[in-house]
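Numbered continuously in the working numbering, the sequence shown closes out at residue 1127. Glycine included, every Cβ here is placed at the ideal spot set by N, Cα and C. Have a look at the structure below, then the notes.
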Amino acid sequence: MANYQPKEVQVLNFELCGGKVNLPLTVRLQEYPGVSDLWHSHEDFAELVIITNGKVINELQDGTALPMQSGDTMIMYPGCIHRYNRIRQLRHYNVLFAPQLMDSFLNKAGNLSMPQLAQNRQGVSGILHLNEKEQLAAISILEKMRQEKLNFSPGHEGAMLAHFYLLLIHVMRHAKIRSDKVNSATFRISQTIRYMEHNSDQPLSLQQLCNYVHMSESSFRHHFRHLTGLSPIDYLIKLRLRRSALMMFHSDQPISNIALIAGFSDGNYFARKFKQIFQVSPRDFRMQCASGKRDIFQELDKLQLPNIG
């Protein structure tokens, strides 16, 4: 890890990052071609980052290294100096805003509070995590913000601000504080679920999952079902079905390819499991979603995957 050097810092302000002065709020979707970016400081804005793909080390000027991956979110406040290093297929949303916007919202929001997003001595919040379902809901809000920014229709600034406040509420309600404790069965199962979410396309076995969290098979099965209501393999199948349904909605790839990418090696087995949940064949599902007859998010709710961070 390279040491922080003050002379290397790029000072970023709100206008340089594409913000509008009359509303100190903007949103960006970013990808990184390299393995590291420059040290930079936030002069007059805070940055809410929500990672949607890949992994990265968020390095702070005091030498702190914060590993982050898909589903993680945090705020970096004005004056924070940081850079991203060890970038692996990173994609994330940045919401740049004046901290006064969040303060004003909290002052008017009655009993709402967000201690988990408060600024620490390093100029950042703690790292929170959204599970895959809640991450998708956050992306939906972020995309609405982006479209308002791009379309520039009358009232777009008010709409962006409203979506920003909805995003804060969503994070407050659903993001879980990331813990470093590894001694509780609940935490171990939660870690396994995160691992399964990020590797559902791999040929995972029950033994691999047990080994991942150093639990016996009987203990793992018991605690997993207690926490989720499902067996580990049934949960994995539902993750794969969710991924395949989303790919059918968002991509034009052949259904046979989608099944393989989602982790199903047997196309007939995939079609049978898919129809058990969604009551139609994958082909009809794709056509009905494309025509608007089915709402993709309502369809995903049929999987009944529990909300676990």
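Closer than 8 Å by C-beta to residue i: which residues in its own chain qualify, once you throw out the five before and the five after it? Chain order, please.
i, result
"Lys967", "Thr844, Val845, His974 and Met978"
"Glu1117", "Ala1063, Phe1096, Phe1103 and Cys1107"
"Val1098", "Gln1106"
Is the distance from the Cβ of residue i to the Cβ of residue j below 9 Å?
i, j, result
"His988", "Glu952", "yes"
"Ile959", "His992", "no"
"Phe915", "Pro1021", "no"
"Leu1048", "Phe1038", "no"
"Glu950", "Arg1112", "no"
"Met892", "Asn876", "yes"
"Met990", "Leu919", "no"
"Phe1042", "Tyr1053", "yes"
"Leu1027", "Thr1010", "yes"
"Gly1085", "Ser1069", "no"
Between which residues of its own chain and residue i is the CB-CB distance below 6 Å, once the five residues before and five after are set aside?
i, result
"Lys1202", "Residue coverage of the chain in this structure runs from 819 to 1127, which leaves residue 1202 outside it and unanswerable."
"Leu878", "His900 and Gln940"
"Leu847", "Tyr911"
"Leu984", "Ile959"
"Phe923", "Tyr983"
"Asp890", "Ile869, Ile945 and His947"
"Ser854", "Asn903"
"Tyr895", "Ala864, Gln937 and Gly941"
"Met886", "Ile869, Val874 and Asn876"
"Phe1088", "Ala1077 and Phe1082"
Give me the Cβ distance between residue i and residue j, rounded to the nearest whole Å; I'm assuming they're in contact under 8 Å.
i, j, result
"Phe1096", "Ser1062", "Phe1096 to Ser1062, Cβ: 10 Å. No contact."
"Cys898", "Val942", "6 Å"
"Met1033", "Arg1006", "6 Å"
Return yes when the C-beta of residue i is under 8 Å from any heavy atom of the ligand SAM, and no when it is not.
i, result
"Ser1074", "No copy of the ligand SAM occurs in the structure displayed, which carries no ligand at all."
Which same chain residues end up closer than 7 Å to residue i when comparing Cβ atoms and leaving out the 5 residues on each side of it in sequence?
i, result
"Phe1115", "none"
"Arg1058", "Ser1018, Ala1080, Gly1081 and Phe1082"
"Thr1004", "Leu1045"
Original post:
What alpha helix (DSSP H) runs, 4 residues minimum, are completely inside the stretch 988-1029?
Top reply: 1003-1016
Original post:
Which runs of the alpha helix (DSSP H) spanning at least 4 residues fall entirely within the stretch 868-902, listed in chain order?
Top reply: none
**OP:** Enumerate, from N- to C-terminal direction, the unbroken alpha helix (DSSP H) stretches of 4 or more residues contained entirely within the stretch 1052-1087.
**Re:** 1073-1080
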